[in-house]
Every structure is written in C-alpha cells, then in structure tokens.
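Engineer: For the sequence shown, position 39 (counting from the first letter as 1) is numbered 39 according to the UniProt record's numbering, and the numbering increases by one without interruption.
Where is the CB? At the ideal position from N, CA and C, for every residue including glycine.
Keep in mind that this is a model prediction, so the values were computed, not measured.
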Amino acid sequence: MNNLQNHIENYLDYCRTQKCLDKKTLKAYRIDLRQFSEQISVTEASDLTSATLETYVAKLHQQYAPKTVKRKIASLKALFHYLEYKEIINQNPFNKLQIRFREPIILPKTIPLHTIEVLLNTIYEQYHNASSNYRIKTSLRDIAVIELLFATGIRISELCTIPYQNIDLQNNIIVIKGKGAKERLIHICDKNVITALNKYHSEYDAEIHSCGYFFVNNIGNRLSEQSAREMINKYCHIADIQQHITPHMFRHSFATLLLEENVDIRYIQTMLGHSSINVTEIYTHVTMSKQKDILESKHPRKNMNISNQL
Numbered sequence: 001m002n003n004l005q006n007h008i009e010n011y012l013d014y015c016r017t018q019k020c021l022d023k024k025t026l027k028a029y030r031i032d033l034r035q036f037s038e039q040i041s042v043t044e045a046s047d048l049t050s051a052t053l054e055t056y057v058a059k060l061h062q063q064y065a066p067k068t069v070k071r072k073i074a075s076l077k078a079l080f081h082y083l084e085y086k087e088i089i090n091q092n093p094f095n096k097l098q099i100r101f102r103e104p105i106i107l108p109k110t111i112p113l114h115t116i117e118v119l120l121n122t123i124y125e126q127y128h129n130a131s132s133n134y135r136i137k138t139s140l141r142d143i144a145v146i147e148l149l150f151a152t153g154i155r156i157s158e159l160c161t162i163p164y165q166n167i168d169l170q171n172n173i174i175v176i177k178g179k180g181a182k183e184r185l186i187h188i189c190d191k192n193v194i195t196a197l198n199k200y201h202s203e204y205d206a207e208i209h210s211c212g213y214f215f216v217n218n219i220g221n222r223l224s225e226q227s228a229r230e231m232i233n234k235y236c237h238i239a240d241i242q243q244h245i246t247p248h249m250f251r252h253s254f255a256t257l258l259l260e261e262n263v264d265i266r267y268i269q270t271m272l273g274h275s276s277i278n279v280t281e282i283y284t285h286v287t288m289s290k291q292k293d294i295l296e297s298k299h300p301r302k303n304m305n306i307s308n309q310l
C-alpha cells in the first residue's frame, strides 16, 4: 500500500468514526477513491497536481454518465479537503480547476395512481383470500410495508431499518433516520394505513420486540431491501402490472402527486428529508410534463366546433 492509499484509508476511517457517514456512502467513497488511486501513476499525496486531476476527470467522462462523474468528483473533492485540513498537502489542486458541466435532467419514474390502486387492491385480495395463517400473516406485513411506502415517501432503506421504538402508533408518528444520520418526523394520517400498521404490529409483536426492528421477515429477522423488492415484484406479477415498479418509485410518486395538489415544495422537501431544495425541484419537471398532457388532452378548445379555421 503506497502513501496515497494510506491517506485514503485514513480518510475513510475518519468518515466512519468522525463524520458518522452511513455504510452506503462509505462504500461509494471507497469505490471512487480506490479507482482514483489505481488509475493514476502518482503514489505520494503531496505530488498530486491539477494536471493529474484534469487528466483523470477527462478519463471519467469517457467512461461514465455525467451523474456518475459528478459523484466521483465529489468523492475526490472531499478527500482533498481532508488532506488540506490535515496539512498533508500545502495546496488543494482542485482550487485551480474549474469543473463545470451540464448534467442532463433525468426525470424520476413514477407509478400512475391507477396502477397503485390496482396493486393495493391485489394485496388486500391476497390477504382476504389467504388459505393459511402463514399467508394471512405475510400478506398483512406486505400491506403494511407498501401502504407505508406510499403514505410517507420513505426510502426503502429507511423503512427496513426503523427501530420499533421509532413508530408511535398512539400518536401516529414515525421518527425516520435518514442520510447523514439526520432525523425527521412524519405523520401517518390515512386511517386505512393506520389500521394496517396497528394490525401488523399486533400480529408480529413478539417478532418485532425480539428483532428490534419494526418490519421483520418470515424468520423473524429484519426485513431486507431485497425482500421488499421481491415482494413488490410478486404482487405486480399477480396483478399483471407490466410496468417495472421499484420501492423508490413510491417515493417519487408521493412527491409528484403532492406537488400536483399544489403542496408547497418546501414541505415536500422536509417530508422527503432532502438537505437541499435543489434535489426536490426535480419533481417540478415531472409536473410540467403532466401539465403538457393535461393541456393536450383536457383543454376544452380541443372539442370546439369552429368553422373556417386557418
């Protein structure tokens, strides 16, 4: 391990112990910084120059989409800020670089409201038609998961790691620990969702307290993100829903539908746990697309009988 790689390992340890970054962020940093150290010829942190970084960034643009390049550059910038802070380097080579490029807007994929309705109906039918206690119990858990995803816009990683103490079913409030260990409160207001969560809690009470997490799998351990994805795929298959639906699309749909109902974007930002309003603003592009559909199909001018038009 060379000098630069040693500093990278120390930095990652600093991110874990001092900055308390979550596992996913640490994993992304490790991948990005390892790639950087392996693809450049410099082995001493003090020998890194702006020219080295320019060459490396140019290579990234040849290999990756702009969004990925932007993330990898952010990982590098954070490393160099640390090296400068620790006085390992005298001058940050990023200071002499102007790296600005336009990232194409990729609209978040949402689920049509009718499709969500079909999906929920299918899950409830499976629950009411279940032929064994095992299937009744599993269906009840699945109802609670999907209802909560749509009701709160919670990330699937957040849902799967909710400690049971963080759900207050008396006051219908959830404490969610989001990215960067930031906590936010979300109210559960729909009576059907509240009923589903209460029934699930009552049925799984022993497993929940034994596991420590609110959502548990069929053997009493914490529900995994992969299990939640497979659950959604299973019900989409039963309902003959052709669209590929992921847990994160419930989050996108939650935000977009609220925006279409004229909810202030800053309230949506708070509910989603976005640190910057810029992240939330992506949903305004979705509603603009919806606006076009409405004006094309619903505007009364379309059906007017006007003679002698141009």
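In three-state terms, what does DSSP make of residue 312?
Structural biologist: Nothing in the structure corresponds to residue 312, since the chain is present only between 1 and 310.
Engineer: Buried or exposed: A74, going by 16 or more other Cβ atoms within 10 Å of its Cβ?
Structural biologist: Exposed, since its Cβ has fewer than 16 Cβ neighbours within 10 Å.
Engineer: If I follow the unbroken beta strand (DSSP E) through H187, where does it start and stop?
Structural biologist: Element bounds for H187: E183 to H187.
Engineer: V57 by DSSP, collapsed to three states: which one?
Structural biologist: Correct three-state label for V57: helix.
Engineer: Among K199, E207 and K191, which one has its Cα closest to the Cα of P163?
Structural biologist: Per the Cα distances, E207.
Engineer: Three or more C-beta pairs closer than 8 Å, one from the segment 237-247 and one from the segment 259-269: is that the case here?
Structural biologist: No: fewer than three Cβ pairs fall under 8 Å.
Engineer: Starting from the C-beta of S50, find all residues in its chain whose C-beta is less than 6 Å away, skip the five residues before and the five after it, and write them out in chain order.
Structural biologist: Result list for S50: P93, K96 and L97, in chain order.
Engineer: Taking DSSP's pairing of strands, which residues face D168 in a bridge?
Structural biologist: Its beta-bridge partners are I173.
Engineer: Can you list the alpha helix (DSSP H) stretches of 4 or more residues lying completely in the segment 197-259, in chain order?
Structural biologist: Segments of the alpha helix (DSSP H) lying fully in the segment 197-259: 205-211 and 225-239.
Engineer: With DSSP as the reference, identify every bridge partner of P163, one or two as the case may be.
Structural biologist: P163 pairs with Y213.
Engineer: Okay, do the segment 223-241 and the segment 138-152 touch, 3+ Cβ pairs below 8 Å being the bar?
Structural biologist: Yes, the segment 223-241 is in contact with the segment 138-152.
Engineer: Going straight from the alpha carbon of D32 to that of I8, what length do you get?
Structural biologist: One C-alpha to the other measures close to 11 Å.
Engineer: Quick check on the DSSP output: the alpha helix (DSSP H) that includes I111 runs from which residue to which?
Structural biologist: Looking at the DSSP string, I111 is not in any alpha helix (DSSP H), and its letter there is neither H nor E.
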